[in-house]
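Residues 1 to 260 in the UniProt record's numbering are what the sequence shown lists, from first letter to last.
Ideal Cβ positions, reconstructed from N, Cα and C, are used throughout, including at glycine.
Here the structure is laid out as structure tokens; the discussion comes afterwards.
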Amino acid sequence: MAAAPGHDARPTDSTTAGHPMVSLAAVNKHFGPLHVLKDISLTVQPREVIVVVGPSGSGKSTLCRAINRLEPIDSGDILIDGTPLPREGAALADLRADVGMVFQSFNLFAHRTILDNVTLAPMKVRKMKKAAAEAEAMALLKRVGIAEKANMYPAELSGGQQQRAAIARALAMHPKVMLFDEPTSALDPEMVSEVLDVMVSLAQEGMTMVVVTHEMGFARKAADRVIFMDAGQIVEQNTPAAFFESPQTERARSFLASVL
Ligand code: ADP
Ligand code: MG
Numbered sequence: 001m002a003a004a005p006g007h008d009a010r011p012t013d014s015t016t017a018g019h020p021m022v023s024l025a026a027v028n029k030h031f032g033p034l035h036v037l038k039d040i041s042l043t044v045q046p047r048e049v050i051v052v053v054g055p056s057g058s059g060k061s062t063l064c065r066a067i068n069r070l071e072p073i074d075s076g077d078i079l080i081d082g083t084p085l086p087r088e089g090a091a092l093a094d095l096r097a098d099v100g101m102v103f104q105s106f107n108l109f110a111h112r113t114i115l116d117n118v119t120l121a122p123m124k125v126r127k128m129k130k131a132a133a134e135a136e137a138m139a140l141l142k143r144v145g146i147a148e149k150a151n152m153y154p155a156e157l158s159g160g161q162q163q164r165a166a167i168a169r170a171l172a173m174h175p176k177v178m179l180f181d182e183p184t185s186a187l188d189p190e191m192v193s194e195v196l197d198v199m200v201s202l203a204q205e206g207m208t209m210v211v212v213t214h215e216m217g218f219a220r221k222a223a224d225r226v227i228f229m230d231a232g233q234i235v236e237q238n239t240p241a242a243f244f245e246s247p248q249t250e251r252a253r254s255f256l257a258s259v260l
């Protein structure tokens with residue numbers, strides 16, 4: 001994946017000195033009686049890659065959605081690049097634009113071409129001119145290896161190509177951090193690596209990333225830290241090598257036994 005001219009995956013350094021890129025302090029979230037995030041505290045440093053693992057229902061997706069306030073929280077604080085995440089309004093839209101998100105289900109606009117999918121938000125939110133947005137979108141599509149698909153519609157692409165388009169779309173906003181929620185779990189097995197390869201390159205280029213995935217190969221290759229969640233709590237965190245070789249809790253051991 002060649003770096004696109006003028007597009008650096010790294011956040012602008014002037015804004016990142018001295019504080020974490022993402023910081024959660026005592027975050028709580030309930031769905032009715034269900035306590036889904038229990039006093040979650042977590043900091044992600046600039047350029048750090050965090051892999052989040054844990055059983056289904058442990059709160060991984062809710063954590064991702066909380067980080068860009070797709071999901072409101074009940075209590076606690078979330079800061080992006082040192083700025084508290086506002087609860088609503090234009091300031092929230094601005095800050096949310098700093099957080100790129102890639103979902104399991106691609107979420108591309110079905111009735112827009114791939115190129116339009118990538119240019120829409122930069123034109124609308126970042127007020128980019130169409131020609132500039134398209135030039136950058138083409139560079140990003142080239143970077144994720146699907147430039148020749150620019151004028152096609154999502155349904156004309158394979159799942160792996162759609163997911164790479166979704167990554168290009170997120171990168172077009174120049175996010176400070178990228179969140180990935182099980183980005184390969186809806187893909188046919190032969191398409192998993194083409195998406196993971198793009199993510200590994202992003203990590204190597206210094207993008208700050210929070211990745212929910214059970215792809216242990218990706219975790220070993222790209223993660224600085226693995227977070228193990230269970231029942232709404234961060235139960236364990238460690239380097240990938242230490243976590244996989246010597247999990248500290250029974251819960252982590254039985255989880256690893258079930259996925260490896
Ligand atoms: P994970 O991504 O780890 O599988 P989720 O964050 O999706 O877990 O879900 C955590 C818990 O919250 C689960 O018990 C799930 O059923 C519940 N949950 C998630 N979203 C909602 C919702 N919108 N309304 C009610 N319960 C929800
Ligand atoms: Mg989930």
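Closer than 7 Å to some heavy atom of the ligand ADP: that does not describe the Cβ of residue 70.
In the three-state DSSP reduction, residue 148 falls in the helix class (H, G or I). Of 29, 48 and 254, the smallest CA-CA separation from residue 40 is found for 29. The set of residues with any CB-heavy atom separation to the ligand ADP below 5 Å comprises, in chain order, 31, 36, 56, 57, 58, 59, 60, 61 and 62. Contact between residue 255 and residue 228 is confirmed by a C-beta separation of about 7 Å, below the 8 Å threshold.
Here residue 103 carries a coil assignment [DSSP, helix/strand/coil]. Residue 55 and residue 115 have their C-alpha atoms spaced approximately 36 Å apart. Sequence-distant Cβ neighbours of residue 248 in its own chain, meaning closer than 6 Å and more than five residues away, are 236.
A residue is called buried once 16 or more other Cβ atoms fall within 10 Å of its Cβ, and residue 125, having fewer, is exposed.
When DSSP states are grouped into helix, strand and coil, residue 26 belongs to the strand group. Excluding sequence positions up to five before and after residue 36, its CB lies within less than 8 Å of the CB of 29, 30, 59, 62 and 232, all in the same chain and listed in chain order. The way I'd put it, the segment 63–75 does touch the segment 21–28; three or more beta-carbon pairs between them come closer than 8 Å. About 14 Å separates the beta carbon of residue 163 from that of residue 179, a gap too long to meet the 8 Å contact definition. Across the structure, residue 135 and residue 20 are spaced so that their CA atoms are roughly 32 Å apart. Here residue 182 is buried. Its C-beta has 16 or more other C-beta atoms within 10 Å. With contacts defined as CB atoms closer than 8 Å, residue 259 and residue 240 fail to qualify as a contacting pair. When the beta-carbon positions are compared, residue 107 and residue 168 stay at least 8 Å from each other. A Cβ-Cβ contact shorter than 8 Å links residue 102 with residue 170. In this structure, residue 177 keeps its C-beta atom at 8 Å or more from the C-beta atom of residue 53. For residue 174, the closest alpha carbon among the candidates 122, 77 and 190 is that of 122.
DSSP, read as helix, strand or coil, puts residue 125 in coil.
Cβ-Cβ distances below 6 Å link residue 222 to 49, 200 and 203 in the same chain, with the five nearest sequence neighbours on each side left out; the list follows chain order.
Collapsing the DSSP output to three states places residue 249 in coil. Judged by their CB atoms, residue 230 and residue 253 are not nearer to each other than the 8 Å cut-off.
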